Structures are given as C-alpha cells and as structure tokens.
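First the structure, in the form of structure tokens, and then the observations on it.
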Ligand SMILES: NC(=O)c1ccc[n+]([C@@H]2O[C@H](COP(=O)([O-])OP(=O)(O)OC[C@H]3O[C@@H](n4cnc5c(N)ncnc54)[C@H](OP(=O)(O)O)[C@@H]3O)[C@@H](O)[C@H]2O)c1
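Residue numbers (my numbering): 22 to 267.
Written out as structure tokens, the structure reads:
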C-alpha cells in the first residue's frame, strides 16, 4: 500500500514550482491532494495531471492573503473530506528592496507569507487535535536563518518562529509540526537568477518524506547548512561577503 494512502493533504501554492511538485509527490504516495492557490487554470492543469496518473486531487482557488478565503477553503475541505491529515504551507512571494516597497506591499507580503500560514493552520488545528493526528509542514527558506532581503526574511523568520514554537506547544498531542528551508531552487521565483539551480522536486521529495517521517526542520540542499553555520558564528564574515557581492 502507498505510504500516504487514505490521507487528505492540502498544498498551498500548488499552481507552480515547489507546491506543484509537492502535489505530484504526495499524490504518488497515495494522498488525496487539495490544491490551493489563486490561478484556477494552473490548478486545474495540476489536478488533471494527477488524475491522469491515477491519483486524486481537487483544485480550490484561494487567495491566502484573504482571511475570508482561508476560512472558506478549510470549510470546503471539511465538508468534502471531513478531515485534513497533512497541511503544506507553501504559498509565498518575494518582496524587493525595503527602501522601495510601499506600505501595501509590506502588508501583502506579511499576509501571504505569514498571516495566511497562521490562519490556515489555526483553522485546521481543532480537527487535527480532536483526532490526535496531523502533520503541518511549512516551507520557509534559508532566508529564515540568513537575513538578506529584509521584508522577505522578516516573513520567513516569523514563519520559522511560528513553526518551531507551535511544535513545542503541540508536543504529545499527536500533531506534528515541521519546517522545510530551501536554498535557491529553480522556479518562477528565481527566474532571473543565473546558474544551475536544483529543481523543485528535491524540496517536494523532502516534504513527502516529512509527511511520512516528521522532523523538526530540514534544509534543502543540505550544503546550505554550512552557510547557516557561518551566519550563526561569523556574521561579520557574511556581512563582508554580501557587501562584496553587491
Ligand atoms: N524558489 C526558491 O529559490 C525558494 C527558496 C526558498 C523558499 N522558497 C519558498 O517556496 C515557496 C514556493 O515558491 P516557489 O519557489 O515554488 O515559487 P512560485 O513558483 O512562484 O510559487 C509560488 C506559489 O505561491 C502561490 N501564491 C502566491 N501568492 C498567493 C496568494 N496570495 N494566495 C495563494 N497562493 C499564492 C502561487 O500561486 P498563484 O500565483 O496561483 O496564487 C504559487 O503557486 C514560497 O513560500 C517561497 O518563499 C522558494
């Protein structure tokens, strides 16, 4: 039997990149996957691909920066499936140079990358706690430990604090909380970066692995751990390297 057979999973940001690849991975492991993002056509394409491969998926267009739409997503999934076993908080956006961003942009980044994650998690938590079963996996970034872009890093540091704190609060409840921190991955978000970046499948595989064997935190690719170590112990060196790279 597939490892995630009979599991219901929600993947946010499933219309492209890491979320899309994660939806395929979870479906291949037997999970029924609810696909949430704003672009309905892209979600329907992912849904059809999963169905063509013999899996089960349902597209629910959702703007995760809108609290009302988050509650509607949780309600629709509860009515259709009665439970959620796996939540992958993946949807996210980049920011831009802080001195140039508007107040609206700050609000939008924080709503999408942080508030939306908290609200969807909170909406699904009572059901998970009641059944004493569930796994919440959030996609942060290496930028949640090495601050470079201040607004983006603020949202991802926030997500990391939320995930690690929630993990401790939910100890012994049967609900697992995990964090995935990718380095640069080849997706629409990194379209203007040169170099040979790894594809989103490596993150998707790590997420599927966490859904089966939950862990506190995973950095992908693993060599980014070395950069995180340098940031922690020699932050001045990182300041120097970044200033030289500008
Ligand atoms: N690529 C990297 O190098 C990298 C590195 C570290 C972390 N990450 C993180 O990985 C996650 C996925 O990013 P990606 O690289 O796969 O980029 P991507 O292809 O641009 O995917 C972003 C996803 O988020 C969704 N999204 C954005 N705003 C949304 C909103 N308001 N409501 C619902 N969905 C929304 C997008 O869907 P719609 O546009 O259809 O709404 C899309 O599916 C993000 O959280 C990102 O911060 C990426």
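Backbone N, C-alpha and C fix where the C-beta goes; we use that ideal spot for every residue, glycine too. No experiment lies behind these values; they were computed from the predicted model shown.
To the nearest angstrom, how far is it from the Cα of residue i to the Cα of residue j?
{"i": "residue 183", "j": "residue 114", "result": "18 Å"}
{"i": "residue 152", "j": "residue 257", "result": "47 Å"}
{"i": "residue 41", "j": "residue 144", "result": "23 Å"}
{"i": "residue 92", "j": "residue 139", "result": "12 Å"}
{"i": "residue 119", "j": "residue 141", "result": "27 Å"}
{"i": "residue 81", "j": "residue 32", "result": "10 Å"}
{"i": "residue 100", "j": "residue 217", "result": "44 Å"}
{"i": "residue 35", "j": "residue 224", "result": "13 Å"}
{"i": "residue 128", "j": "residue 166", "result": "22 Å"}
{"i": "residue 246", "j": "residue 169", "result": "16 Å"}
{"i": "residue 234", "j": "residue 226", "result": "12 Å"}
Once DSSP output is grouped into helix, strand and coil, what is the label at residue i?
{"i": "residue 80", "result": "strand"}
{"i": "residue 43", "result": "helix"}
{"i": "residue 66", "result": "helix"}
{"i": "residue 256", "result": "helix"}
{"i": "residue 179", "result": "helix"}
{"i": "residue 162", "result": "coil"}
{"i": "residue 157", "result": "strand"}
{"i": "residue 61", "result": "helix"}
{"i": "residue 217", "result": "coil"}
{"i": "residue 244", "result": "coil"}
{"i": "residue 171", "result": "helix"}
{"i": "residue 75", "result": "coil"}
{"i": "residue 193", "result": "coil"}
{"i": "residue 184", "result": "helix"}
If residue i and residue j are in contact, beta carbons under 8 Å, what's the gap, nearest whole angstrom?
{"i": "residue 53", "j": "residue 77", "result": "4 Å"}
{"i": "residue 112", "j": "residue 85", "result": "5 Å"}
{"i": "residue 173", "j": "residue 116", "result": "4 Å"}
{"i": "residue 148", "j": "residue 104", "result": "6 Å"}
{"i": "residue 208", "j": "residue 39", "result": "6 Å"}
{"i": "residue 268", "j": "residue 232", "result": "Coverage of the chain is limited to positions 22 through 267, which leaves residue 268 absent and any answer about it impossible."}
{"i": "residue 196", "j": "residue 158", "result": "Going by Cβ atoms, the distance from residue 196 to residue 158 rounds to 12 Å, so no, they are not a contact pair."}
{"i": "residue 248", "j": "residue 163", "result": "7 Å"}
{"i": "residue 30", "j": "residue 51", "result": "No, residue 30 and residue 51 are not in contact; Cβ-Cβ is about 10 Å, not under 8 Å."}
Return the first residue and the last residue of the beta strand (DSSP E) that residue i is part of.
{"i": "residue 57", "result": "53-58"}
{"i": "residue 197", "result": "196-203"}
{"i": "residue 107", "result": "107-110"}
{"i": "residue 287", "result": "Residue 287 is absent from the structure shown; the chain starts at 22 and stops at 267."}
Just reading off the alpha helix (DSSP H) that residue i is part of, what are its end residues?
{"i": "residue 148", "result": "137-152"}
{"i": "residue 223", "result": "222-233"}
{"i": "residue 98", "result": "88-102"}
{"i": "residue 238", "result": "Not the alpha helix (DSSP H): residue 238 falls in the beta strand (DSSP E), residues 238-241."}
{"i": "residue 130", "result": "124-131"}
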